[in-house]
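J.: Shown below is the structure under consideration.
See below:
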């Protein structure tokens, strides 16, 4: 089969054989034309390239509000033009092979369960920290999709009813604090206060994480303060997740995992301060092990 | 079998026959001695009274952090002396019959599913609004207990990290706003502002709900403002529940359901304002149908 993971900047793909072993893989930049039609063509090209004329089923992860059951993508933060996009049927029409799809964080969770950090956890929560926050609930080794198919929108937990407006329509959502967008906002505010290296002002968004990492390693106090705040806000959200679901096992993944040495302590302290004590007491946190591969491993499992 | 529902003020109990029909029932005031030992004696007496010499299994609902699996009550807001109370084994020792127990909101949810508002919903959330907030997650007609047994602590969703300190150890928990304790706090603050009938000052806690109901019916603006705030805060919490779990079906129950005509609209508006749109769009809210009976009906099912 062919597996793919569609992100905001790159599409990753690979061939997986019947035994589940990975073969040839590919990573392609997603072009500027991100319309529904353009993305179908783009996926079609990558498919052709990988499948090399063979008829292989396709399984892919999509960022956004997706129904795995109907194959419809209702919206995606990275592809604002998409509205009720019948992605599965369009791809099946084009490729003439069976297509399966699901939310990207769901597939990352399946991947971490199969081969990564959650191999011994049949039931756990997955939180991915990237441009936004992705989430997944795994119960008895299966993704829990909820009643309509959209479980796991952990980024839209309101942690401050007087906070800034979020793209979801809400206010003070966790994603505005504990994601790359949140970090950018924290850096901007901090720069205005004059407490942060002005160097950060001119850094493009794609290099923000890396730059913060270097500055934090150099023990820059302004940057550490930003990451403490990040950890604090993340801890509030994680406490809510455990209070609500009673699932005391959490895997953290996504691009911002690399910064975790600098927010992990604040995150755990804040978690402890915001959880109903007995409920949270034995909560285990693990770091995702598969990185960018997790989504592809998960895609091979649906 | 004998079923019981232990609350902060009353213990309700009933006999249920093999066909699930309810027989004789009883409602007793819980005395001032609420130690672990005293409560075992008290339950024993009620059991004796109901069972009339027959050997019948006992099933009961308990407020607080309870493990249905081990039968241990870790803590209860109504019974602060209880710590890691091996309630099931103590009761079994005393009564010499099999005993089952679970968190009270879990049993209310099972009751509403069997005979009440959620008969056609295999998967739904139960929220009970009383002195505190109780919660339950029902998936495929079964209580979801989480990994340690404590799923559904919806009252401890943090909605304001700068809010007042909660008995759970956290800060700004939903329960401080959208429960009877929350209402009391709102009334107190509002009285200080001089916007609320001073009459409310001298009302004992047990009559607060009823008094607010009468004043709201008389279109008292100060009281309506309090209930609007209550609905607003409740709506934030409900939006978090649906964003996290992807379960778009909610039953609201508990003692404060009687006030719902005066907060329902604000609750739904706030829910809409705080939910990730597509995720929440088709959310259905229902009012619990069984009232105080729900917990007993649920107890007959475990």
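Protein chains in written order, with this note's numbering: chain G, 132 to 433; chain H, 132 to 433.
Here a beta-carbon is modelled for each residue, glycine too, at the ideal position from N, C-alpha and C.
Predicted model only: the values in this text are computed from it and were never measured.
Can you pull the chain G neighbours of residue 206 of chain H, defined as C-beta to C-beta under 7 Å?
T.: 409
J.: Anything in chain H within Cβ reach of residue 287 of chain G, meaning under 7 Å, just list it in chain order.
T.: 374, 407
J.: Could you check what DSSP says for residue 380 of chain H in three-state terms: helix, strand or coil?
T.: strand
J.: By the three-class DSSP mapping on this structure, what secondary structure does residue 398 of chain G have?
T.: Three-state DSSP puts residue 398 of chain G in a helix.
J.: Between which two residues does the alpha helix (DSSP H) holding residue 315 of chain G run?
T.: 311 to 323
J.: Can you round the beta-carbon distance between residue 301 of chain H and residue 405 of chain G to whole angstroms, since I take them to be within the 8 Å contact cut?
T.: 5 Å
J.: Looking at the C-beta of residue 240 of chain G, does it have a partner C-beta in chain H at a distance below 8 Å?
T.: no
J.: Would you call the CB atoms of residue 282 of chain G and residue 268 of chain G closer than 8 Å?
T.: yes
J.: Compile a chain-ordered list of the residues in the stretch 346 to 371 of chain G whose CB is closer than 9 Å to at least one CB of chain H.
T.: 363, 364, 367, 368, 370, 371
J.: From residue 192 of chain H to residue 313 of chain H, what distance separates their C-alpha atoms?
T.: 24 Å
J.: Whose C-beta lies closer than 6 Å to the C-beta of residue 402 of chain G among residues of the same chain, with five residues either side of it excluded?
T.: 366, 369, 370
J.: First and last residue of the beta strand (DSSP E) that includes residue 156 of chain H?
T.: 153 to 160
J.: At 9 Å on the CB atoms, spell out the chain A contacts of residue 291 of chain H, in chain order.
T.: This model lacks chain A altogether; the protein chains it does include are G and H.
J.: Closer than 9 Å, Cβ to Cβ, to anything on chain H: give me those residues from the stretch 273 to 284 of chain G, in chain order.
T.: Those would be 275, 276, 277, 278, 279, 280, 281, 282, 283, 284, in chain order.
J.: Along the stretch 378 to 410 of chain G, what residues have a CB closer than 8 Å to any CB found in chain H?
T.: Listed in sequence order: 378, 379, 380, 404, 405, 406, 407, 408, 409, 410.
J.: Run through the stretch 176 to 200 of chain G for me and flag every whole beta strand (DSSP E) of 3 or more residues, listed as ranges in chain order.
T.: Those beta strand (DSSP E) runs which fall completely within the stretch 176 to 200 of chain G and span 3+ residues are 189 to 193, 196 to 198.
J.: Name the chain G residues that come within less than 7 Å of residue 254 of chain H, Cβ to Cβ?
T.: 278
J.: What would DSSP say about residue 285 of chain H, mapped onto helix, strand or coil?
T.: helix
J.: Can you pull the chain H residues whose beta carbon is under 8 Å from the beta carbon of residue 301 of chain G, in chain order?
T.: Taking a Cβ-Cβ cut-off of 8 Å, the neighbours of residue 301 of chain G in chain H comprise 370, 404, 405, 406, 407, given in sequence order.
J.: Does the stretch 273 to 281 of chain G come close enough to the stretch 346 to 356 of chain G that 3 or more CB-CB pairs lie under 8 Å?
T.: no
J.: Does the pairing of the stretch 151 to 167 of chain G with the stretch 203 to 215 of chain G give three or more beta-carbon distances under 8 Å?
T.: yes
J.: Which value, in whole angstroms, describes the spacing of the CA atoms of residue 177 of chain H and residue 184 of chain H?
T.: 12 Å
J.: Within 8 Å (strictly less), CB to CB, does residue 494 of chain H reach chain G?
T.: Only positions 132 to 433 of chain H appear in this structure, which leaves residue 494 of chain H out of reach.
J.: So which of H:175, H:311, H:253, H:290 has the shortest CA-CA distance to residue 336 of chain H?
T.: H:311
J.: What's the C-alpha gap between residue 425 of chain G and residue 385 of chain G?
T.: 10 Å
J.: Does DSSP classify residue 259 of chain H as helix, strand or coil?
T.: strand
J.: In terms of residues, what are the limits of the beta strand (DSSP E) holding residue 429 of chain G?
T.: Residue 429 of chain G -> not in any beta strand (DSSP E); alpha helix (DSSP H) instead, spanning 425 to 430.
J.: Per DSSP, residue 393 of chain G forms a beta bridge with which residues?
T.: Note: residue 393 of chain G sits in no beta bridge, so no partner.
J.: Output yes or no for whether 8 Å exceeds the beta carbon distance between residue 305 of chain G and residue 275 of chain G.
T.: no
J.: Could you give the DSSP three-state label for residue 276 of chain H: helix, strand or coil?
T.: Residue 276 of chain H: coil per DSSP, three-state reduction.
J.: Identify whether residue 340 of chain H lies in helix, strand or coil by the three-state DSSP scheme.
T.: helix
J.: Using a Cβ-Cβ cutoff of less than 6 Å, which residues in the same chain neighbour residue 416 of chain H once the five nearest sequence positions on both sides are dropped?
T.: 381
J.: Do residue 319 of chain H and residue 307 of chain H have their beta-carbon atoms positioned less than 8 Å apart in this structure?
T.: No, these two residues do not count as a Cβ contact at 8 Å.
J.: Using the beta-carbon count (16 or more within 10 Å), is residue 330 of chain H buried or exposed?
T.: exposed
J.: How is the beta strand (DSSP E) around residue 267 of chain G delimited, first residue to last?
T.: For residue 267 of chain G, the enclosing beta strand (DSSP E) has its first and last residue at 264 to 270.
J.: For a cutoff of 8 Å on Cβ pairs, would you count residue 264 of chain H as touching chain G?
T.: no
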